[in-house]
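**Student:**
Number of protein chains: 2
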Amino acid sequence: MIVLEQLCKTYHLGGESVHALDHLDLQIAAGDYLSVMGPSGSGKSTLLNMLGLLDTPDSGHYRLEQQEMSALGEEQRAQIRNHKIGFVFQAYHLIDRLNARENIELPLILTGVPPRERRTRVDELLERLGLSRHAAHHPHQLSGGQRQRVAIARAVIRRPALLLADEPTGNLDSHSGAEVIGLLEELNGEGITLLVVTHDPAMGKRARRQLWMQDGQLISDTRNRDS
Amino acid sequence: MIVLEQLCKTYHLGGESVHALDHLDLQIAAGDYLSVMGPSGSGKSTLLNMLGLLDTPDSGHYRLEQQEMSALGEEQRAQIRNHKIGFVFQAYHLIDRLNARENIELPLILTGVPPRERRTRVDELLERLGLSRHAAHHPHQLSGGQRQRVAIARAVIRRPALLLADEPTGNLDSHSGAEVIGLLEELNGEGITLLVVTHDPAMGKRARRQLWMQDGQLISDTRNRDS
Ligand SMILES: Nc1ncnc2c1ncn2[C@@H]1O[C@H](COP(=O)(O)OP(=O)(O)OP(=O)(O)O)[C@@H](O)[C@H]1O
Ligand SMILES: Nc1ncnc2c1ncn2[C@@H]1O[C@H](COP(=O)(O)OP(=O)(O)OP(=O)(O)O)[C@@H](O)[C@H]1O
Ligand SMILES: [Mg+2]
Ligand SMILES: [Mg+2]
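Sequences listed follow chains A and B, in order. To convert, note that position 18 of the first sequence is 26 in our numbering; the numbers rise steadily by one, no gaps. To convert, note that position 166 of the second sequence is 174 in our numbering; the numbers rise steadily by one, no gaps.
Encoded structure:
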């Protein structure tokens, strides 16, 4: 489903070069479940931003369902992002002037889902993530973990083909964290390709395949024995 | 050092009341080391905001070093905040137009520390937290964990009497996380009163005293046996 070939991304800051991605190769089959781990600054979020079409590499190839992403214009990238990709951001990026319900429902509005169906699907997710009583609250009225769960709901509501989650449980207690992982794994069980960046080794181990990054490179890629 | 008596904070949203803090009592001795744990939305950040003078309760008392905080004007609160309290925010709150060095140095500028001494102290902390090569970078050029470490450096640089850390390792790999905890515990060893909100039970257990919150209440307060 995904092929990354010699992907490079270098930031030039002052006199220095930061190799955020350094000749990275990766192949991901549809329906795969991968965790991405590694030290702070190793390039995990940068990798996810490339996969999510939020950023473009300096060189190398990204083929998604056999289509070459570098050949696409901004219009087409946005189309693919809106229809095929769900993203849980490390910093949430909720829209302040929309409440929880409106934030979660936004992807459905962007893909033309009618109001009644939107309401049902948003209600279901609010319930599942323990957010029902906060549906009308705005991000600044929510706790850190509540905001994180709104970001997760927004990412999954369209059941995207590819789901990218950047530290989805960093601000969640073990109970909410287990709920979220349960939800993500259930979606993967239905065929959604799932990548989870995490610093929590316990979470990372649950993935069928585990990637480790360091200094912009993939230094290990292992499959769980029992899967 | 700190006495909280029947502290209450209620948010009124739409028709509902959210009891973020519900008649909370707490006493903290100078030099104590406490962790604060509990489900998402239980009031941990709200408690820290009260202690950090970032927010005022609806009722109840907060005495810091025997001084009644509710009797103070905004000027005096700001004075105490700037001189006595260090805060690591759950959402970092770095200043975008300042680079890492400038963000960290800000509290020293606010308390009149001369430039040469500032430089030395900031360099030390950058080094300690693995940020030296990022000193000139702005928050948007930093990874999630790098931003978190800048927020931590800024909170500790003045060696405040009271250090409040809200999820200080949520976006850090185990190595950086251990570095941070080591630093916070070292400061506590020097007499700084330390409160750490965390979702990580392993981190919470390290504190000499562990508080658990639920629905705005303190439901348990235990001391480690071996301390
Ligand atoms: N400014 C606000 N306006 C309205 N409600 C608020 C506001 N700030 C917090 N709340 C509510 O108060 C409750 C406690 O919030 P708080 O941020 O203290 O929780 P928390 O324990 O830190 O949660 P987390 O672990 O998710 O960070 C939450 O239910 C939240 O929705
Ligand atoms: N916009 C940018 N401009 C300059 N440098 C950047 C930018 N974004 C990221 N970097 C640098 O690229 C490197 C990789 O960043 P990235 O955010 O991918 O790390 P990460 O593995 O997600 O880290 P963390 O675990 O701390 O979230 C970091 O050293 C960072 O400083
Ligand atoms: Mg990151
Ligand atoms: Mg909080």
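For each residue, glycine too, the CB sits at the ideal point set by N, CA and C.
1) Can you find a heavy atom of ligand 2 that lies under 8 Å from the Cβ of Y19/A?
2) Is the stretch 178-192 of chain B in contact with the stretch 42-57 of chain B, if contact means three or more CB pairs nearer than 8 Å?
3) Taking 6 Å as the limit between beta carbons, can you name the residues of its chain near S140/A, skipping five residues before and five after?
4) Assuming V158/B contacts L102/B under a Cβ cut-off of 8 Å, what Cβ separation, rounded to an integer in Å, is found between them?
5) Considering only residues of the same chain and omitting the five flanking positions on each side of K92/B, which have a CB-CB separation below 7 Å?
6) On the premise that L116/B lies in contact with R166/B, defined as a C-beta separation below 8 Å, what is that separation, rounded to the nearest angstrom?
7) Below 8 Å, can you find three or more Cβ-Cβ pairs linking the stretch 200-210 of chain A to the stretch 16-29 of chain A?
8) Measuring only the C-alpha atoms, how far is N90/B from L118/B?
9) Among residues of its own chain, excluding the 5 on either side of N57/A, which ones have a beta-carbon nearer than 6 Å to its beta-carbon?
10) Drop a sphere of 10 angstroms on the beta-carbon of T128/A, count the other beta-carbons inside from all chains shown, and report buried for 16 or more, exposed for fewer.
11) Drop a sphere of 10 angstroms on the beta-carbon of P65/B, count the other beta-carbons inside from all chains shown, and report buried for 16 or more, exposed for fewer.
12) Name the residues in the stretch 160-177 of chain B whose C-beta lies less than 9 Å from a C-beta of chain A; which are they?
13) Would you report the Cα separation of Q74/B and R85/B, rounded to the nearest angstrom?
14) For Q149/A, which residues from the same chain have a beta carbon less than 7 Å from its beta carbon, with the 5 sequence-adjacent residues on both sides left out?
15) So Q98/A is in the alpha helix (DSSP H); what residue range does that whole segment cover?
16) Out of G190/A, D208/A, P147/A and L61/A, point me to the one whose CA is closest to S43/A's CA.
17) Please determine, among D40/B, G22/B, C16/B and Q218/B, the residue with the shortest C-alpha to C-alpha distance to E198/B.
18) If I measure Cβ to Cβ from D229/A and keep anything under 6 Å in the same chain, skipping five residues before and after, which residues do I get?
19) With H, G and I counted as helix, E and B as strand and the rest as coil, what does DSSP make of T54/B?
20) Does chain A have any CB closer than 9 Å to the CB of S181/B?
21) Which residue comes first and which comes last in the beta strand (DSSP E) that contains S25/B?
22) If you follow the alpha helix (DSSP H) that R217/A is part of, which residue opens it and which one closes it?
23) Should N179/A be counted as a contact of ligand 1 given a C-beta to heavy atom distance under 8 Å?
24) Mind checking if G46/B is an interface residue toward chain A, Cβ cutoff 9 Å exclusive?
25) Answer yes or no: does any C-beta atom of chain B fall closer than 9 Å to that of K17/A?
26) In chain B, which residues lie with their C-beta within 8 Å of the C-beta of L21/A?
27) Would Q98/A and D174/A be called neighbours here (beta carbons separated by less than 9 Å)?
28) What is the DSSP secondary structure of M211/A, reduced to helix, strand or coil?
29) At a cut-off of 8 Å, is E175/B close to ligand 1 when judged by its beta-carbon and the heavy atoms of the ligand?
30) Work out the CA separation of K17/B and S67/B for me, nearest whole Å.
31) For A143/A, which residues of its own chain have a beta-carbon under 6 Å away from its beta-carbon, when the five flanking residues on both sides are left out?
32) Please classify M9/B: does DSSP put it in a helix, a strand, or coil?
33) What do you reckon, are the CB atoms on L137/B and S184/B nearer than 9 Å?
34) Just checking my contact of V130/B with R71/B at CB under 8 Å: how many whole Å lie between their CB atoms?
35) Show which residues of chain B have a CB atom less than 7 Å away from the CB atom of G49/A.
36) Helix, strand or coil, according to DSSP, for D40/A in the structure here?
**Tutor:** Per the coordinate set shown:
1) yes
2) no
3) L134
4) 6 Å
5) P168, A169 and L170
6) 7 Å
7) no
8) 7 Å
9) D63
10) exposed
11) buried
12) D174, E175 and T177
13) 14 Å
14) none
15) Looking at the DSSP string, Q98/A is not in any alpha helix (DSSP H), and its letter there is neither H nor E.
16) D208/A
17) D40/B
18) L219
19) helix
20) For clarity, residue 181/B is Asp in the given sequence; the question names Ser instead. For D181/B, the answer is yes, since a Cβ of chain A falls inside 9 Å of its Cβ.
21) E24 to I36
22) It is not in any alpha helix (DSSP H) - R217/A instead sits in the beta strand (DSSP E) that spans R217 to Q222.
23) yes
24) yes
25) no
26) A144, H145 and Q149
27) yes
28) helix
29) yes
30) 7 Å
31) A108, R109 and L134
32) coil
33) yes
34) 33 Å between Cβ atoms; not a contact.
35) S151, G153 and Q154
36) coil
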